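Student: Just so you know, the sequence shown maps onto residues -3 to 329 in our numbering. Yeah, the Cβ is synthetic: ideal placement off N, Cα and C, and Gly gets one too. Since this is a predicted model, take the numbers as computed values, not measurements.
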Amino acid sequence: MKWQDVEAKQKKVAKILTNGLKSDRLVHAYLFIGDRGTGKKDVAQLFACSYFCQNKQGIDPCGQCSECKRILSGNHPDLMVVKPDGRSIKKEQVATLIKEFTYRGVESNKKFFIIEQADELTASAANSLLKFIEEPQSQTIAILCAENRHKLLDTIISRCQLIQFAPLSPEAIESQLIEEGFAKALARTVTALTGDINEARALCGDEWFANARSSVIHFMEDLYNQSNHAIITLYEQVSLVLNDSAKAQTGLDLMVIWMRDVLNIHMDRGDAVIFSDQIETLKKQALILSVDHVAGALSIILDAKRRLDSNSQPISVIEQLALRLQEGAGSYV
Ligand SMILES: [Zn+2]
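#1: Taking buried to mean at least 16 other C-beta atoms within 10 Å of its own C-beta, is T136 buried or exposed?
#2: Is DSSP giving M263 helix, strand or coil here?
#3: Relative to the C-alpha of F109, which residue among Q133, W204 and T151 is closest?
#4: Restricting to runs no shorter than 4 residues, where is the alpha helix (DSSP H) found entirely within the segment 158 to 197?
#5: State the DSSP-derived secondary structure class of S286, mapped to helix, strand or coil.
#6: What are the start and end residues of the beta strand (DSSP E) that includes L27?
#7: Going by alpha carbons, who is nearest to I85 out of Q41, Y47 and C141?
#8: How would you call R155, buried or exposed, if buried means at least 16 neighbouring beta carbons within 10 angstroms?
#9: Can you look up L317 in the DSSP assignment and give me helix, strand or coil?
#10: Would the C-beta of G191 count as close to ligand 1, meaning under 7 Å from any of its heavy atoms?
#11: Beta carbon of P57: closer than 7 Å to some heavy atom of ligand 1?
#12: Specify the secondary structure class of D273 as computed by DSSP and reduced to three states.
#13: So, at 8 Å on beta carbons, what are the nonlocal neighbours of A91 in its own chain, with the 5 sequence-adjacent residues on each side left out?
#14: For K20, tell me which candidate among I55, D115, W204 and P73 has the shortest Cα-Cα distance.
#15: Can the beta-carbon of V234 be found less than 8 Å from the beta-carbon of H262?
#16: So who's on the other strand from C141, going by DSSP bridges?
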C-alpha cells in the first residue's frame, strides 16, 4: 500500500500524516478514530513502514528493505502491536509494552507501538498507558486505534493528535462485507438500506433479515407472475416476518429497492441492480411491467410506508398495497 491509496479513500487522514512525514514533524501519539473497516490498521502499518524504511521513495516505504519486510511480517523488534486479549486490553499487557519500550530500541532509538481497539482498554490499563504517553521518549511514536472515542479517557484523547477516519462509501461497505465472508447479494441489499457499516454488518448476520429478504422476493415474484399465490405468500410468509411496524418498514424498503431494480433493468442499467441474485426474475418482470407501472408502484409503496405507523396493522397495510399493485398492473400492462 502507498500513500496515494490512502488519499483515494481517506483524503484528510492522508493529508495530515503525509504532511507530518514530509516535514519530519511527527507527534508522539496519534489517535485514529473511525468505524471498523475504514483502514485504521493498514494506515498505522504504512505509517510505521514510512517511519522505519531505509529506502524510502519520497515518503512511500519501499516494501522491500529488511525494515519494511519485518514490519509487514509482524517481526520488527522495535514495533509492538497490542490488541485485546479476550474482550479487553489488560493492565499486564500495557505493563509488558512499557517494559519493552523503556530500553532503547534494539537497532536504533526509534520505537513504535500500535494499540488496536484502544476503546477496549480497561480503566487501569488506560491509566498506565496514560503515564507512558505523558512522558514520551524522544523517538517513540504511538498510534491508538478506536471506533468509539467516548469510551476513551479524556486525558488520553487530549494527549493525542486526533485523526478522524471518514465513514465508508456504499461501494466500500459492500466490498468490506464481501471480504468478511457475506454473500454479495446480501451485502448489496444491506448497503442499499444503511450507510453505517456496523448496522450493515449486523443486518447481514441477522437471520430475521435473511428471512425478510427472501419473503419479499417471493412476494414480489408472485405478485405479478402468479397473482393467486401472492395472497398465500402474504399470509404464510410475509405477515409472519414483517410482524411489527418497524419490520414492515424494512420490508417496504426492500420492495422499493425491488421496483427500482426493475426500473434499472428497463433503463439497461443491470450493474446498478441491488437484488443481483434475482436478475432473471427482474428481467421477466421488466418484460411485463411498463415503466409507467413501475413508477406508479413506487409511489404506492412509498404511500404505504407513510400510512404505516405504530397504530396500523402491518398486515392490512401490505394487503391493501398488494391489491393496489395488482390493480395497477392490470391497467398499465
Ligand atoms: Zn523499506
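Tutor: This is what the structure holds:
#1: One-based indexing of the sequence shown puts residue 136 at position 140. Counting Cβ neighbours within 10 Å, T136 comes out buried, since at least 16 surround it.
#2: The sequence position of residue 263 within the sequence shown is 267, counting from 1. Of the three classes helix, strand and coil, the one that applies to M263 here is coil, per DSSP.
#3: Reading the sequence shown from its first residue, position 113 is the one you call residue 109. It is Q133.
#4: 166 to 175 and 180 to 189
#5: Working through the sequence shown from its first residue, we reach residue 286 at position 290. Looking at S286 - three-state DSSP - the assignment turns out to be coil, as it is neither helix nor strand.
#6: Your numbering for residue 27 matches position 31 in the sequence shown. Its beta strand (DSSP E) spans residues A25 to I29.
#7: Numbered from its first residue, the sequence shown carries residue 85 at position 89. Residue C141 is the option with its Cα nearest to I85.
#8: For the purposes of this step, residue 155 is identified with residue 159 of the sequence shown, where counting begins at 1. Buried, by the Cβ-count rule.
#9: As a first step, residue 317 must be located in the sequence shown, where it is residue number 321. Here L317 carries a helix assignment [DSSP, helix/strand/coil].
#10: Here residue 191 corresponds to residue number 195 of the sequence shown, with the count starting at 1. Exclusion of G191 from the 7 Å shell around ligand 1 follows from its C-beta lying no nearer than that to any non-hydrogen atom of the ligand.
#11: As a working note, residue 57 is residue 61 in the sequence shown. Checking every heavy atom of ligand 1 against the Cβ of P57, one is found closer than 7 Å.
#12: Position 277 of the sequence shown, counted from the first residue, corresponds to residue 273. Here D273 sits in helix by DSSP.
#13: Within the sequence shown, the letter at position 95 stands for residue 91. Answer for A91: S124, listed in chain order.
#14: For this step, residue 20 is matched to residue 24 along the sequence shown. Correcting the residue identity first, residue 20 is Asp in this sequence and not Lys. For D20, the nearest C-alpha among the options comes from I55.
#15: The residue you call residue 234 lines up with position 238 of the sequence shown. The residue you call residue 262 lines up with position 266 of the sequence shown. No, these two residues do not count as a Cβ contact at 8 Å.
#16: Locating residue 141 in the sequence shown gives position 145, where the first residue counts as 1. The partner list for C141 (beta bridge, DSSP) reads F28.
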